[in-house]
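Quick notes on the structure that follows.
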Amino acid sequence: MNENQAVAASADYIEVKRKLCDFCGTCVAVCPVDCIYLNEHDIIIDHDVCNLCMNCVKVCPLHIIYHVEARI
Ligand code: SF4
Ligand code: SF4
Numbered sequence: 104m105n106e107n108q109a110v111a112a113s114a115d116y117i118e119v120k121r122k123l124c125d126f127c128g129t130c131v132a133v134c135p136v137d138c139i140y141l142n143e144h145d146i147i148i149d150h151d152v153c154n155l156c157m158n159c160v161k162v163c164p165l166h167i168i169y170h171v172e173a174r175i
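Each residue of the sequence shown is one higher than the last, beginning at 104 in our numbering.
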């Protein structure tokens, strides 16, 4: 991996299609760093804390959480 690739990887993030979420809480339960904030109206991921483990991406039953690869 060259220097530019390293920068791109560190800028990746996890996104949620918030309007499609049914607030089931499955993703919150598997996040190792507790950076998914959920209530009955909204879901927010703290990108500064997320470690890109992909647990939430794998378990969301609606498949609405996804990995965004940074493009530089
Ligand atoms: S990718 Fe991992 S650390 Fe980031 S929000 Fe999902 S479960 Fe949490
Ligand atoms: S697992 Fe999916 S549907 Fe459930 S709260 Fe998380 S983002 Fe929403």
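Every residue gets a Cβ at the ideal spot worked out from N, C-alpha and C, and that includes glycine.
{"Asked": "Report buried or exposed for Val171, applying the criterion of at least 16 other Cβ atoms within 10 angstroms of its Cβ.", "Found": "exposed"}
{"Asked": "So, for Ile167: in the same chain, excluding its five sequence neighbours on each side, which residues have a beta-carbon less than 7 Å away from its beta-carbon?", "Found": "Val119, Lys120, Leu123 and Cys124"}
{"Asked": "Pick helix, strand or coil for Leu165, following the three-state DSSP scheme.", "Found": "coil"}
{"Asked": "Can you list, in chain order, the residues of its chain with a C-beta nearer than 6 Å to that of Val152? Leave out the 5 residues immediately preceding and following it.", "Found": "Val136 and Cys138"}
{"Asked": "Compare the C-alpha of Ile147 against each of Cys130, Lys161 and Arg174 and name the closest.", "Found": "Cys130"}
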